[in-house]
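Each protein sequence line maps, in turn, to chains R and V.
Per the numbering used here, the first sequence runs over residues 5 to 119.
Per the numbering used here, the second sequence runs over residues 1124 to 1236.
We treat Cβ as the ideally placed atom computed from N, Cα and C, and that holds for glycine.
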Amino acid sequence: DAGVIQSPRHEVTEMGQEVTLRCKPISGHNSLFWYRQTMMRGLELLIYFNNNVPIDDSGMPEDRFSAKMPNASFSTLKIQPSEPRDSAVYFCASSSPLSRGGEQFFGPGTRLTVL
Amino acid sequence: DAKTTQPTSMDCAEGRAANLPCNHSTISGNEYVYWYRQIHSQGPQYIIHGLKNNETNEMASLIITEDRKSSTLILPHATLRDTAVYYCIVRGMGGTSYGKLTFGQGTILTVHP
C-alpha cells in the first residue's frame, strides 16, 4: 500500500493567493483528517470526514479555509486568500473502522510558506 | 477529552529501555490512552493504545496504573531511530470524540549512542 498521499509536498505562495492542498487516503479507509502543525500551536485538528461527510470542522480557523471530500479517494483543503500566518505543515490522515483502536495513518505533509 | 501532562524532554542510551511517563488524572472511564510519535519532518505514527490493562505490541509496551491516572510507554531496547517526539493522548471512543486526536506538546526523546 502506498500510504496516504499528499500533494504538493512543498508550496510557496504570496499573500492573497489561493492555495489548494490535496490528499489521497489509504484505499478502504472511510475517515479522513486534516491537521496543521506550527511551532507555536503544535499539531491541531482542522476538520475530519467520515464516509465523505464532514463531521467536525470546529478546528477550521476561519472562513478563508474550506475542505471538501468529493469521493472516498480524494480530499482538498483550500485557503483563499492565504496569509503569512497560514504558513505551516499540513498533514492529512486516514483511518478505517478495522484499524486497531482507530489508528490514524498520516501522510508526509505539505509544507506551506506564504510570503 | 482529558488533558495529559508529559515531561518536555528525556534522554536515553542506545540499547537501554526508554520509559516515558504521562499523567492523565482527569481521565474518564470510557477514555483510552494512545501513544503516537513523530520523527523529525514526518507525520505522526501510531505506537500503542490501551484502556486499563497493560498492552504490548511489536513496538512498545504500555503500562497503565490501576487508578488509570497515569501511564508509561516503554521502548524496551531504544535505538537511534527512536529519537522523536512522543505524544500521549487520551481519547474517547464514542460520540463526537471518536476520531479526534488532541495532541499536546509531547516529550522529545533523544537516544544517544
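Proximity winner among the options, relative to residue i (alpha-carbon distances)
i, options, result
"T1225 of chain V", "R:F69, R:M64, R:E22, R:G46", "R:G46"
"P1144 of chain V", "V:E1181, V:Y1169, V:T1131", "V:T1131"
"V1156 of chain V", "V:I1187, V:Q1168, V:G1227", "V:I1187"
"F53 of chain R", "R:L116, R:A76, R:E107", "R:A76"
"K1223 of chain V", "R:L119, R:F69, R:L50, R:P112", "R:L50"
"S98 of chain R", "R:S31, R:M43, R:G20", "R:S31"
"G63 of chain R", "R:M43, R:A6, R:F37", "R:F37"
"L1232 of chain V", "V:R1214, V:V1213, V:R1160", "V:R1160"
"I1171 of chain V", "V:S1148, V:L1196, V:G1227, V:D1134", "V:L1196"
DSSP state of residue i mapped onto helix, strand, coil
i, result
"K113 of chain R", "Per the sequence presented here, residue 113 of chain R reads as Gly, with Lys not at that position. It is coil, neither helix nor strand."
"P1236 of chain V", "coil"
"L1203 of chain V", "helix"
"G106 of chain R", "helix"
"R89 of chain R", "helix"
"M1133 of chain V", "strand"
"L47 of chain R", "strand"
"G63 of chain R", "coil"
"H1178 of chain V", "Rather than His, the amino acid found at residue 1178 of chain V in this sequence is Glu. Strand at E1178 of chain V."
"C1128 of chain V", "In the sequence under discussion, the amino acid at residue 1128 of chain V is Thr, which differs from the Cys named in the question. Looking at T1128 of chain V - three-state DSSP - the assignment turns out to be strand."
"M73 of chain R", "strand"
"G1166 of chain V", "coil"
"Q1228 of chain V", "coil"
Burial state of residue i, where buried means 16 or more other Cβ atoms lie within 10 Å
i, result
"L102 of chain R", "exposed"
"T1206 of chain V", "buried"
"A71 of chain R", "buried"
"R104 of chain R", "exposed"
"M73 of chain R", "buried"
"G20 of chain R", "exposed"
"I1162 of chain V", "exposed"
"R13 of chain R", "exposed"
"S86 of chain R", "buried"
"S35 of chain R", "buried"
"P1167 of chain V", "buried"
"T114 of chain R", "buried"
8 Å contact criterion, which residue i and residue j should meet: CB distance rounded
i, j, result
"E15 of chain R", "V23 of chain R", "6 Å"
"Q41 of chain R", "G111 of chain R", "That belief does not hold up - the Cβ atoms of Q41 of chain R and G111 of chain R are roughly 12 Å apart, past 8 Å."
Practice problem: Determine, using beta-carbon pairs with one atom in the region 1173-1181 of chain V and one in the region 85-97 of chain R, whether at least three such pairs fall under 8 Å. | Solution: Flag = no, the region 1173-1181 of chain V and the region 85-97 of chain R do not touch.
Quiz item: Is the number of C-beta pairs between the region 61-81 of chain R and the region 19-32 of chain R that are closer than 8 Å three or more?
Solution: Of all C-beta pairs linking the region 61-81 of chain R to the region 19-32 of chain R, three or more are shorter than 8 Å, placing the two stretches in contact.
Quiz item: Should the region 1197-1213 of chain V be called in touch with the region 1137-1145 of chain V, which here means at least 3 C-beta pairs below 8 Å?
Solution: Remark: three or more beta-carbon pairs, one from each stretch, lie closer than 8 Å, so the region 1197-1213 of chain V and the region 1137-1145 of chain V are flagged as touching.
Quiz item: Does the region 1185-1197 of chain V come within contact of the region 1149-1168 of chain V, defined as at least 3 CB pairs closer than 8 Å?
Solution: Three or more beta-carbon pairs separated by less than 8 Å link the region 1185-1197 of chain V to the region 1149-1168 of chain V, which places the two stretches in contact.
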